[in-house]
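Below is one structure, written out as structure tokens, with a few remarks after it.
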Amino acid sequence: MRPLRIFISSVQQEFKEDRLEICHWLKNDPLMRRFFDPFLFEELPAHDRRADQVYLEQVRACDIYIGLFGYDYGFENAKGVSPTEEEYNLASEEHKTRLIFIKGNEESKRHPKMKNLITRVGTELIRRRYQSISELISSVYAALIHDLEERKLIRNSPFDAAPCRGATLFRFR
């Protein structure tokens with residue numbers, strides 16, 4: 001089985017430590033590394049391509065989109081949209097699994113466009129708040145285990161009660 005690609009999206013400066021910790025954990029946890037291959041834009045080398053082309057291409061190629069939303073909205077393109085919102089929109093259009101984690105709870109400190117994005121996301125899916133990196137990792141772990149169960153890549157029922165995917169009567173003759 002090929003690992004599921006995870007695209008980690010956020011304002012890079014605001015979430016520098018969170019992004020690196022999540023990526024490190026996914027690559028080093030004995031269970032997570034068997035199932036997931038995380039992508040961080042900042043790990044790419046210098047390249048003769050536009051940044052927006054590359055990050056949107058990576059969103060298209062991913063299986064799971066993890067969005068870390070906080071206080072900053074980030075750089076805005078000519079249309080007034082940040083890369084984080086652009087990535088979220090594309091993940092939605094492409095029907096990717098979207099897992100959203102909101103840092104902090106001081107709403108008055110959030111950029112107005114980030115407030116709007118968080119409000120919109122709240123009408124589309126279940127999101128989780130966190131205060132620390134350990135809370136974030138715990139929440140991401142729970143969400144990814146749930147995703148693996150839904151994809152039937154891990155079982156939460158007794159082995160002998162689970163169906164054998166791909167089995168046919170032909171194999172038993």
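For the sequence shown, full-length UniProt numbering gives the first residue as 1, with consecutive numbering after it.
By construction, the Cβ of each residue, glycine as well, lies at the ideal position given by its N, Cα and C atoms.
Just so we're clear, the structure is a prediction, and the values are computed from it rather than from any experiment.
Could you name the residues that DSSP lists as bridge partners for residue i?
{"i": "ILE100", "result": "GLY67, ARG127"}
In angstroms with no decimal places, state the Cα-to-Cα distance between residue i and residue j.
{"i": "ASP18", "j": "TYR71", "result": "14 angstroms"}
{"i": "LYS96", "j": "ARG129", "result": "21 angstroms"}
{"i": "GLN53", "j": "PHE75", "result": "16 angstroms"}
{"i": "LYS152", "j": "GLY80", "result": "40 angstroms"}
{"i": "ARG155", "j": "LEU148", "result": "8 angstroms"}
{"i": "HIS146", "j": "ILE6", "result": "15 angstroms"}
{"i": "GLU57", "j": "ALA51", "result": "10 angstroms"}
{"i": "ASN116", "j": "GLU106", "result": "14 angstroms"}
{"i": "LYS113", "j": "THR168", "result": "53 angstroms"}
{"i": "LYS16", "j": "GLU150", "result": "30 angstroms"}
{"i": "GLN13", "j": "TYR73", "result": "11 angstroms"}
{"i": "THR123", "j": "ASN77", "result": "25 angstroms"}
{"i": "GLU85", "j": "PRO30", "result": "32 angstroms"}
{"i": "CYS62", "j": "LYS109", "result": "31 angstroms"}
{"i": "SER139", "j": "GLN131", "result": "11 angstroms"}
{"i": "HIS111", "j": "ALA46", "result": "30 angstroms"}
{"i": "residue 180", "j": "ALA142", "result": "Outside the displayed range of the chain (1 to 173) lies residue 180, so it cannot be described from this structure."}
Under the assumption that residue i contacts residue j (Cβ atoms under 8 angstroms), give the Cβ distance between them as a whole number of angstroms.
{"i": "TYR55", "j": "PRO83", "result": "6 angstroms"}
{"i": "GLY67", "j": "TYR88", "result": "6 angstroms"}
{"i": "ILE118", "j": "PHE69", "result": "6 angstroms"}
{"i": "PHE41", "j": "PRO3", "result": "In fact, because the Cβ distance is near 18 angstroms, the residues do not count as touching under 8 angstroms."}
{"i": "LEU144", "j": "MET32", "result": "7 angstroms"}
Please classify residue i as buried or exposed, where buried requires at least 16 neighbouring CB atoms within 10 angstroms.
{"i": "MET1", "result": "exposed"}
{"i": "SER10", "result": "buried"}
{"i": "LEU26", "result": "buried"}
{"i": "ALA91", "result": "buried"}
{"i": "ARG49", "result": "exposed"}
{"i": "ILE126", "result": "exposed"}
{"i": "ARG120", "result": "exposed"}
{"i": "PRO38", "result": "buried"}
{"i": "residue 182", "result": "Since the first residue of the chain shown is 1 and the last is 173, residue 182 is not available in this structure."}
{"i": "LEU99", "result": "buried"}
{"i": "ARG60", "result": "exposed"}
Could one say the Cβ of residue i lies closer than 8 angstroms to chain D's Cβ atoms, at least one of them?
{"i": "ILE66", "result": "In the structure shown, chain D does not exist; there is a single protein chain."}
Exercise. Please go through the UniProt domain "DUF4062" (5 to 91) and give each complete alpha helix (DSSP H) segment of 4 or more residues, from N-terminal end onward.
Key: The DSSP assignment places complete alpha helix (DSSP H) segments of no fewer than 4 residues inside the UniProt domain "DUF4062" (5 to 91) at 16 to 28, 32 to 35, 51 to 61, in order along the chain.
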